[in-house]
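A quick write-up on the structure given underneath.
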Amino acid sequence: MNGGAHRHKLAIEAVGRTFAAVRGGTPTVALEPVTLRVEDNDFITILGPSGCGKSTLLRIVAGLDTPTSGRVLLDGTPVVAPGADRGMVFQSYTLFPWLTVHENICFGLREKNMPQNEQQRIAAHYIARVGLGGFERHYPKMLSGGMQQRTAIARALANDPKILLLDEPFGALDNQTRALMQELLLGIWEAEKKTVLFVTHDIEEAIFMAGRVIVMSARPGRIKVEVAVDLPHPRHYTVKTTPEFSALKARLTEEIRIEALKVAATA
Amino acid sequence: MTPLKPVAPGRKAVLGIAFFVLFVAVWAVATLSGFVSRTFLADPVTMLREGWALFAQFGFAGDIAITVWRVVGGFVLAAVCAVPLGIAMGAYKPIEAFFEPFVSFARYLPASAFIPLLILWAGIGEMQKLLVIFIGSFFQLVLMVAVAVGSTRRDLVEAAYTLGATSRGVVRRVLLPSASPAIAETLRLVLGWAWTYVIVAELIGASSGIGHMITDSQALLNTGQIIFGIIVIGVIGLISDFVFKWANQRLYPWSVA
Numbered sequence: 021m022n023g024g025a026h027r028h029k030l031a032i033e034a035v036g037r038t039f040a041a042v043r044g045g046t047p048t049v050a051l052e053p054v055t056l057r058v059e060d061n062d063f064i065t066i067l068g069p070s071g072c073g074k075s076t077l078l079r080i081v082a083g084l085d086t087p088t089s090g091r092v093l094l095d096g097t098p099v100v101a102p103g104a105d106r107g108m109v110f111q112s113y114t115l116f117p118w119l120t121v122h123e124n125i126c127f128g129l130r131e132k133n134m135p136q137n138e139q140q141r142i143a144a145h146y147i148a149r150v151g152l153g154g155f156e157r158h159y160p161k162m163l164s165g166g167m168q169q170r171t172a173i174a175r176a177l178a179n180d181p182k183i184l185l186l187d188e189p190f191g192a193l194d195n196q197t198r199a200l201m202q203e204l205l206l207g208i209w210e211a212e213k214k215t216v217l218f219v220t221h222d223i224e225e226a227i228f229m230a231g232r233v234i235v236m237s238a239r240p241g242r243i244k245v246e247v248a249v250d251l252p253h254p255r256h257y258t259v260k261t262t263p264e265f266s267a268l269k270a271r272l273t274e275e276i277r278i279e280a281l282k283v284a285a286t287a
Numbered sequence: 004m005t006p007l008k009p010v011a012p013g014r015k016a017v018l019g020i021a022f023f024v025l026f027v028a029v030w031a032v033a034t035l036s037g038f039v040s041r042t043f044l045a046d047p048v049t050m051l052r053e054g055w056a057l058f059a060q061f062g063f064a065g066d067i068a069i070t071v072w073r074v075v076g077g078f079v080l081a082a083v084c085a086v087p088l089g090i091a092m093g094a095y096k097p098i099e100a101f102f103e104p105f106v107s108f109a110r111y112l113p114a115s116a117f118i119p120l121l122i123l124w125a126g127i128g129e130m131q132k133l134l135v136i137f138i139g140s141f142f143q144l145v146l147m148v149a150v151a152v153g154s155t156r157r158d159l160v161e162a163a164y165t166l167g168a169t170s171r172g173v174v175r176r177v178l179l180p181s182a183s184p185a186i187a188e189t190l191r192l193v194l195g196w197a198w199t200y201v202i203v204a205e206l207i208g209a210s211s212g213i214g215h216m217i218t219d220s221q222a223l224l225n226t227g228q229i230i231f232g233i234i235v236i237g238v239i240g241l242i243s244d245f246v247f248k249w250a251n252q253r254l255y256p257w258s259v260a
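Below, the structure is given as structure tokens:
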């Protein structure tokens, strides 16, 4: 390749995770050593059946979980703890219920002691970006699931992280909202050029947004195959009905089906 | 009736008041008809007359004031000490491991059983009354506050970390706001218990207060005054409860369903 000199945005080097045995049982291997390189402005989706360790991998990158082997490098610096340089959006609704939409988005900025007017400016930008104008003073409980996740995305982006990590962020949303959210996120990525790692079990979602789909195998998790998605940008939702998209979908469906069958057999 | 189906606000109030009316009616019938001897239970009319006499001739307002002062004093003292300790225990597990077993044990020590000891240590003055309430409320408060803080949603804490929060930031900006409605609710609950402790403390070794009035009335077999005293306590409790609930709703609009 290009010699050792090239530095990747994110390097996941033989990262594995084994959960300790409970009362004399055998230890659970959640993740076999996984190696993955992510370049600047990549949009990578990690696709796999439930229990394949894809969330564990993402949590390790976020610093919320510790690998039992290997290491994660972000811009060449080892990840040891969670930090503002890796923004995360969770599947569960994690807006702070006691803060308004605006205050939620400013949470990380306040933690940095950023001046008020600067905070205002950034929050206003991202509130407009995710289409939540007029809802700044609303509390999370007054928002729909889709609006809450839009706020969560804005909150993560406002911090200007080096990489955005998303753990099935649209998993709890209905299909229609979900499709709109995918377009929204893709639009933001096309406009702002962020490095994104997106975990999902939805094949269509994985293809639609990604530059590269990483398919993970069932327990123990490891990378099964990598599929490049060469669909042109900007992508419109109609791309989902093109033959190229269908061919990718057919292929990934086959890959995932084998894994899902394995899970079903051991469950 | 359908299970769990809510009742309209107007009807709810009518039903609530209806039971009060029924209660007083049964009481009135039982006493005024002579079915229950007046020696044991005064009738409502006598009770009200005795209550009026208490205010007009025996300076009962002063007794109420001193009792309220004791409850509030002892309770505030307990809260000022217990809430910070509870927060520290809820947030930091080693601190919890250090204090929790002892506090769990201490909260089963009956506050009223300490009264003889407290009289020995602090006399029969105000300090003794405050200490009874303090002992009765402090340990309960510590544990309940610790639980409230400790049960903060883990995903909110993780979200805060990924937004760059430090450990201190997580305590200040996630654990505290997340637990504060539950802490306020705990304070409301324990204040109710503090009322029972103060009366017990005043029944034994006091020269003023609602509890003292009740013991005095017992010597005179004045059941009307006793019942009036008990009802006054109930009414004050109800008022403080309403104030707390109202304040909590105002302070934490985001947590109300």
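These protein sequences, in sequence, are chains H and S.
Oh and the first sequence: position 203 is 223 in the working numbering, straight run, nothing missing.
Oh and the second sequence: position 242 is 245 in the working numbering, straight run, nothing missing.
For glycine and all other residues, C-beta sits at the position ideal for the given N, C-alpha and C.
Everything numeric in this text was worked out from a predicted model, so none of it was measured.
Any chain S beta carbon closer than 8 Å to N22(H): Translated into the one-based positions of the first sequence, residue 22(H) becomes position 2. Here N22(H) scores only 44 on pLDDT, less than 50, and its place in the model should not be relied on; the value that follows carries that caveat. Judged by the 8 Å Cβ criterion, N22(H) is not in contact with chain S.
Assign P119(S) to one of three DSSP states: helix, strand, or coil. Within the second sequence, numbered from 1, the residue matching residue 119(S) stands at position 116. Here P119(S) sits in helix by DSSP.
Enclosing beta strand (DSSP E) for I243(H) [first to last residue]: What you label residue 243(H) is simply residue 223 of the first sequence in a count that begins at 1. Per DSSP, I243(H) belongs to the beta strand (DSSP E) from I243 to A248.
Within 8 Å of any Cβ in chain H, is that where the Cβ of V74(S) sits? Here the question's residue 74(S) lines up with position 71 in the second sequence. Closer than 8 Å: no.
Which residues of chain S have a Cβ atom closer than 7 Å to the Cβ of G128(H), listed in chain order? As a position in the first sequence, residue 128(H) is number 108, starting the count at 1. Per Cβ cutoff of 7 Å: L166 and G167.
Is the beta carbon of A226(H) closer than 8 Å to that of L78(H)? Start at 1 with the first residue of the first sequence, and residue 78(H) comes out as number 58. Start at 1 with the first residue of the first sequence, and residue 226(H) comes out as number 206. It is not a contact, given that the beta carbons lie outside the stated cut-off.
Using three-state DSSP, classify P98(H) as helix, strand or coil. The residue you call residue 98(H) lines up with position 78 of the first sequence. Note: P98(H) maps to strand in three-state DSSP.
Note down the Cα distance separating Y200(S) from G65(S), rounded to an integer number of angstroms. By one-based count along the second sequence, residue 200(S) stands at place 197. By one-based count along the second sequence, residue 65(S) stands at place 62. Whole-angstrom Cα-Cα distance: 19 Å.
So which of L51(S), V152(S) and W30(S) has the shortest CA-CA distance to K3(S)? Outside the shown range of chain S, which is 4 to 260, sits residue 3(S), and nothing can be said about it.
Just to make sure I have the definition right: I need the residues of chain S whose C-beta is within less than 8 Å of the C-beta of L84(H). Which are they? Here residue 84(H) corresponds to residue number 64 of the first sequence, with the count starting at 1. Correct list: E161, Y164 and T165.
Taking DSSP as the reference, what is the three-state secondary structure of Q53(H)? For the purposes of this step, residue 53(H) is taken as residue 33 along the first sequence, with counting starting at 1. With the sequence shown as reference, residue 53(H) is identified as Pro, and Gln is not the correct amino acid for it. If DSSP states are grouped into helix, strand and coil, P53(H) belongs with the strands.
Tell me whether H145(H) counts as near the ligand SAM, meaning its Cβ is closer than 7 Å to at least one heavy atom of that ligand. Of ligands this structure carries none, so the ligand SAM is not represented either.
Spatial neighbours of V177(S) in its chain, beta-carbon cut-off 8 Å, leaving aside the 5 residues before and after: Mapped onto the second sequence, residue 177(S) falls at position 174. Only T155, L159, V160, A163 and A168 meet the Cβ criterion.
Range of the contiguous beta strand (DSSP E) that encloses T65(H): Residue mapping note: residue 65(H) aligns to position 45 of the first sequence, counting from 1. T65(H) -> beta strand (DSSP E) spans F63 to L67.
Within the same chain, show all residues whose beta-carbon is closer than 6 Å to that of E210(H), passing over the 5 residues directly before and after it, in chain order. On the first sequence, position 190 is the one that residue 210(H) refers to. So the list reads H253 and P254, once near-sequence residues are dropped.
Output, in sequence order along the chain, the residues in the segment 113-125 of chain H whose CB is closer than 7 Å to any CB in chain S. T114, F116, P117 and W118
Please compile the residues from chain S whose C-beta is within a distance smaller than 7 Å of the C-beta of P102(H). Residue mapping note: residue 102(H) aligns to position 82 of the first sequence, counting from 1. Simply Y164 and T165.
Do you know offhand how far E188(H)'s Cα is from T220(H)'s? As a position in the first sequence, residue 188(H) is number 168, starting the count at 1. As a position in the first sequence, residue 220(H) is number 200, starting the count at 1. Their backbone Cα atoms lie some 5 Å apart in a straight line.
What are the residues that DSSP puts in a beta bridge with G38(H)? The count along the first sequence starts at 1 and reaches residue 38(H) at position 18. A small fix is needed here, since residue 38(H) is Thr in this sequence, not Gly. According to DSSP, T38(H) bridges with V49(H).
Do L193(H) and L217(H) have their C-beta atoms closer together than 8 Å? For the purposes of this step, residue 193(H) is taken as residue 173 along the first sequence, with counting starting at 1. For the purposes of this step, residue 217(H) is taken as residue 197 along the first sequence, with counting starting at 1. Result no, Cβ atoms of L193(H) and L217(H) do not sit closer than 8 Å.
Can you list, in chain order, the residues of the segment 131-160 of chain H whose Cβ is nearer than 9 Å to any Cβ on chain S? E131, K132, Y159 and P160
Leaving out five residues on either side along the sequence, give the residues of the same chain with a beta carbon under 7 Å from the beta carbon of I213(S). The residue you call residue 213(S) lines up with position 210 of the second sequence. Correct list, in chain order: D66, I67, T70, I202, E205, G232, V235 and I236.
How is N22(H) classed by DSSP in three states: helix, strand or coil? One-based indexing of the first sequence puts residue 22(H) at position 2. Low confidence applies here, because N22(H) scores a pLDDT of 44, under 50, leaving its location unreliable; read the following figure in that light. N22(H): coil per DSSP, three-state reduction.
Let me know the secondary structure DSSP gives I207(S) once reduced to three states. As a position in the second sequence, residue 207(S) is number 204, starting the count at 1. Correct three-state label for I207(S): coil.
8 Å is my cut-off, CB to CB: does S170(S) come that close to chain H? Counting from one through the second sequence, the residue named residue 170(S) turns up at place 167. It does not; no Cβ of chain H falls within 8 Å.
Tell me the DSSP bridge mates of G107(H)? In the first sequence, counting from the first residue as 1, residue 107(H) sits at position 87. BP columns for G107(H) point to L184(H).
Quick one: does G166(H) have its CB under 8 Å from some CB of chain S? By one-based count along the first sequence, residue 166(H) stands at place 146. Not an interface residue.
Please confirm whether C72(H) and M236(H) have their CB atoms less than 8 Å apart. Taking the first residue of the first sequence as 1, we reach residue 72(H) at position 52. Taking the first residue of the first sequence as 1, we reach residue 236(H) at position 216. Yes, the pair counts as a contact, with Cβ atoms nearer than the cut-off.
Looking only at DSSP bridge pairs, what is S89(H) linked to? Residue mapping note: residue 89(H) aligns to position 69 of the first sequence, counting from 1. Bridge partners of S89(H): G36(H).
Three-state class that DSSP yields for A172(H) in the structure shown: On the first sequence, residue 172(H) is found 152 positions in, with the first residue counted as 1. DSSP places A172(H) in helix when its eight states are reduced to three.
The beta strand (DSSP E) enclosing T258(H), as first and last residue numbers: Looking up residue 258(H) in the first sequence gives position 238. Segment: none, T258(H) is in no beta strand (DSSP E) and carries neither H nor E.
Spatial distance of N179(H) from M134(H) (CA atoms): Walking along the first sequence from the start, residue 179(H) turns up at place 159. Walking along the first sequence from the start, residue 134(H) turns up at place 114. So the two alpha carbons sit approximately 11 Å from each other.
For I138(S), report the span of its alpha helix (DSSP H) as first-last. In the second sequence, counting from the first residue as 1, residue 138(S) sits at position 135. That run of the alpha helix (DSSP H) goes E129 to G153.
Please list the partners that G107(H) has in chain S, where partner means a Cβ-to-Cβ separation under 7 Å. Working through the first sequence from its first residue, we reach residue 107(H) at position 87. In chain order: T165.
Can D95(H) and K29(H) be called in contact, C-beta distance under 8 Å? Sequence index remark: in the first sequence, residue 95(H) carries index 75 (1-based). Sequence index remark: in the first sequence, residue 29(H) carries index 9 (1-based). For D95(H) and K29(H), yes; Cβs fall inside 8 Å.
Residue environment, A250(H), which counts as buried when at least 16 other CB atoms sit within 10 Å: Locating residue 250(H) in the first sequence gives position 230, where the first residue counts as 1. Here residue 250(H) is Asp; the residue named in the question, Ala, does not match the sequence. Exposed, since its Cβ has fewer than 16 Cβ neighbours within 10 Å.
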